[in-house]
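See structure below.
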Amino acid sequence: MVGCEMTVPLAVFFVLAALAVIGAISLILQKHPIHSALSLIVVMIALAGLYLLLGAEFVAAVQIIVYGGAIMVLFVFVIMLLNAGIEEHTSISKMAGVPGLLLVVALAGFVAATIARSTESIQATRQSGEMASTLGISNMIFKDFVYPFELTSFLILVAVLGATVLAQREKS
Amino acid sequence: MVPTNYYVILSAVLFGLGVFAFIFKRNIITIFMSIELMLNAVNLAFVAFSQALGKLDGQVFVLFVIVVAAAEAAVGLGIIILIARNRQTLNVERVNLLKL
Amino acid sequence: MTLLSANAELIITVVKIVLLLFIVLTVNAYLTWFERKVVAHMQSRWGPHRVGPHGLLQPLADGVKFLFKEDPTPAGADKFVYYLAPLLALALALTGLALIPFGPDPIRLFGHDIYLGIAPPDVNIGILALFAITAMGVYGVALAGWSSNSKYPLLGGLRSSAQMISYELALTMSVVGVLLMAGSFNLKKIIEAQALHPEWGLFGWNVWPQILGFFCFFVAAVAETNRVPFDLPEAESELVAGFHTEYASFKFAMFFIAEYTSMITVSCLCSIMFFGGWLSPFPASWTFAHYLPSAILIPFGLWVIWDGIRYETLFGRIILPGLGTAFAALGAAFVLLPNVNEFIQAPFWLLSKILVFLFVYVWMRGTLPRFRYDQLMAFGWKLLLPLSIVNVIVTSFVILAKMTWWGAK
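Protein chains in written order, with the numbering used here: chain A, 1 to 172; chain B, 1001 to 1100; chain C, 2001 to 2409.
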């Protein structure tokens, strides 16, 4: 499978990929939601490392700041506030486990096999470093994609208002 | 240079694991986290293709996906808090009646 | 790049990491001594002065105490998360220091360029990566509070982490003005953008046009590191001891070291972004100012010798003159070796600015009362965040005006 020799980027890729997959499997196997949250944080850090390996440094930093430092903190807060305990499995869920596993393995395996078999594999056409990733992204956001950008700021405003209203205590 | 195929295969594997967690887990917060895992897998595919084709469109779209995921997590967790307050349970199977 | 030079880079980096860890941990220990002495003198008492001359061996005694104290684990605590939390806090705090450059020029040794600072100087996302590491620091506090399986730590941990994420927004927004002026996230380029007019000296620094940004950044940074006046979640009289109530001896020491290390990191960031980093406050034409390090070290060394000769204990009468001789000899060496003198100008100014900021931190601890929690949150969301956004807007308008209107004239 590994036709080329083991260079340093390839070794780093395998380490980070193994970390991401182990984190995802741990998300499934852990019983307490807080341990699942910690596993998901590990997955996100591994993915940020993969983005750095791909030369997307701005996206890697934003992934850690927003996903790892804000969204997952929100999850951890909610788990702590709601005193979520060890989850219980009923008989229905145990029955759904095995066929679910088979279906997911089939789906992921089919996608992976199709990609692996494609002969016109897309090789990287350029080395990173032409335009710095941050400069290029900001050029695109503020020139080509300015309308979706303004829409996302509106979306965040709506989400903030919605979360504030939803989490209020009932005025009894 | 790591071939792009490897990244996309990893993205498919992570997506599959996210789908399995979505089906199998019973705690609603963990189900929500599996949605985030699926979104992350898709982000990885975007960035991998962005590097392969040499254009930055993929990375811009990843930023939009991250923003949308943040907004969705905020509102979704608000709804989860309300459900937990009203039904006193976080188990998805026990929230199976529209009427309390 | 041959295999040998690749290995040499690795060895140099590992040596730099070990050296930095050693220096940072020692500075942390003596920072606790400094804090206790300064706060004590502000309160008209002496502070530690028995353990070693002038209390200088007090950090050593504290370290030995931390190592030998009993280390209980609370019943019902989630073991994995309980052990993970202080580890996470310490690791993240120490990692932040790897991104800071301590000097612009490399040392040329065995044919390799050794830069002062662990990360290479062309990290294009320097500031952003530092903020990423700071953002992850919330987990140490939140997980510590939750895993202790006890009321006070849980409340303290939740309050403390809510405070940290609230002030993180103001922290990152207040820096945007500096980034707009410098045009890059790279820390070295931010300092170089303040050196455009070397004959202005300290008037070219970023603090003058960005005074509002500096105020917002400093206050938000103090809140982020949970220091007075924002330390309600860990104050002794309020919530027992907040999120680290159930942590004893070495794990508590880890939280302690993490807090002081983040203080040092924030002081470094303040000096680099707003106060010119390693730039001298004197205009570049005043070359006699290059002798300032020696002019400070030699009299200081002589004063320590004079004080040590008349000290009350025999141990002090041996150690203090030795220390004083070391300082004076260092100052004399800088005068006699002009190459070395030119080289240490940059790190000297950066370290002095960091020391000034650490003194301001300790000064605030000795002087200011704490905020109540609701006052704290209102201040962060209703005052600091709008102020930092106003700073961004005003800075953008001024830069736009400079580009189009004044520049075109």
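By construction, the Cβ of each residue, glycine as well, lies at the ideal position given by its N, Cα and C atoms. Quick caveat: nothing in here was measured; it's all calculated off a predicted structure.
- Task: Determine the DSSP secondary structure at Gly1018/B, reduced to helix, strand or coil.
- Result: helix
- Task: Could you tell me whether the stretch 31-41 of chain A touches the stretch 71-85 of chain A, using the rule of 3 or more Cβ pairs below 8 Å?
- Result: yes
- For Leu2196/C and Gly2204/C, the rounded distance between their alpha carbons: 8 Å
- Check the Cβ of Val1068/B against every Cβ in chain A and list those closer than 8 Å, keeping chain order. Thr152 and Leu155
- Message: Suppose you measure from the CA of Val2340/C to the CA of Ile2107/C; what does that come to, to the nearest Å?
- Response: 10 Å
- Task: Tell me, to the nearest whole angstrom, how far the beta carbon of Pro2153/C is from that of Thr2245/C; I am working on the premise that it is less than 8 Å.
- Result: 5 Å
- Item | Under the three-state DSSP convention, the category Ile2125/C falls into | coil
- What's the gap between the Cα of Glu1093/B and the Cα of Lys2069/C? 48 Å
- Message: Taking 8 Å as the cut-off, does the stretch 17-30 of chain A touch the stretch 51-61 of chain A (at least 3 CB pairs, one atom from each stretch)?
- Response: no
- Item | Straight-line Cα distance separating Leu2084/C from Phe2022/C | 23 Å
- Taking Cβ-Cβ distances below 8 Å as the criterion, which residues of the stretch 1023-1052 of chain B are in contact with chain A? Ile1023, Phe1024, Lys1025, Arg1026, Asn1027, Ile1029, Thr1030, Phe1032, Met1033, Ser1034, Glu1036, Leu1037, Asn1040, Asn1043, Leu1044, Val1047, Ala1048, Phe1049, Ser1050, Gln1051 and Ala1052
- Message: Quick check: the Cα distance between Leu1014/B and Ala1041/B, rounded to an integer number of angstroms?
- Response: 6 Å
- Message: Quick check: is the beta carbon of Tyr163/A nearer than 7 Å to any beta carbon in chain C?
- Response: First, the amino acid is wrong: residue 163/A is Ala here, not Tyr. No, no contact with chain C.
- Query: List, in order along the chain, the chain A residues whose C-beta lies closer than 9 Å to that of Leu1082/B?
  - Reply: Leu166 and Ala167
- Task: Please report how far the alpha carbon of Gly129/A lies from the alpha carbon of Gly1054/B, in whole angstroms.
- Result: Low local confidence applies: a pLDDT of 49 at Gly129/A is under 50, so the model's placement there is unreliable, with the coordinate-based value given in what follows. C-alpha separation (whole angstroms): 11 Å.
- Hey, Phe2218/C and Cys2268/C are a contact pair by Cβ (cut 8 Å); roughly how many whole angstroms apart? The pair is not a contact, with the Cβ atoms about 13 Å apart (cut-off 8 Å).
- Message: Give me, in chain order, the residues of the same chain whose beta-carbon lies closer than 8 Å to that of Met2181/C; leave out the 5 immediate sequence neighbours on both sides.
- Response: Ala2193, Asn2206, Pro2209, Gln2210, Thr2395 and Ile2399
- Message: Measuring alpha carbon to alpha carbon, tell me which residue in Gly1016/B, Tyr1007/B, Pro1003/B and Tyr1006/B is nearest Leu110/A.
- Response: Residue 110/A is actually Phe in this sequence, not Leu. If we check each option's Cα against that of Phe110/A, Gly1016/B comes out closest.
- Message: Can you list, in chain order, the residues of its chain with a C-beta nearer than 6 Å to that of Ile1945/C? Leave out the 5 residues immediately preceding and following it.
- Response: Past the edges of chain C, shown from 2001 to 2409, lies residue 1945/C, and the structure says nothing about it.
- Would you say Trp2381/C reaches chain A, if we count a Cβ-Cβ gap shorter than 7 Å as a contact? no
- Query: Whose CA, out of Asn2124/C, Ser2166/C, Ala2328/C and Pro2347/C, lies closest to the CA of Ile2298/C?
  - Reply: Ala2328/C
- Would you kindly work out how many angstroms separate the C-alpha atoms of Phe2034/C and Tyr2167/C, rounded to a whole number? 27 Å
- Return the Cβ separation of Gly2145/C and Phe2243/C in integer angstroms, given the expectation that the two are a contact with Cβ distance under 8 Å. 4 Å
- Would Trp2412/C be called buried (16 or more neighbouring beta carbons within 10 Å of its own) or exposed? No information on residue 2412/C is available, as it lies outside the stretch 2001 to 2409 that chain C covers here.
- Rank Glu2009/C, Val2390/C and Ala2162/C by C-alpha distance to the C-alpha of Asp2231/C and give the top, closest one. Ala2162/C
- Query: Whose C-alpha, out of Leu2090/C, Asp2122/C and Ala2170/C, is nearest the C-alpha of Leu2387/C?
  - Reply: Ala2170/C
- Task: With Leu2109/C as the anchor, note down where its beta strand (DSSP E) starts and where it stops.
- Result: Ile2107 to Leu2109
- Query: Which one of Ser2285/C, Ile2318/C, Tyr2311/C and Gly2324/C has the shortest CA to CA distance from Trp2303/C?
  - Reply: Gly2324/C
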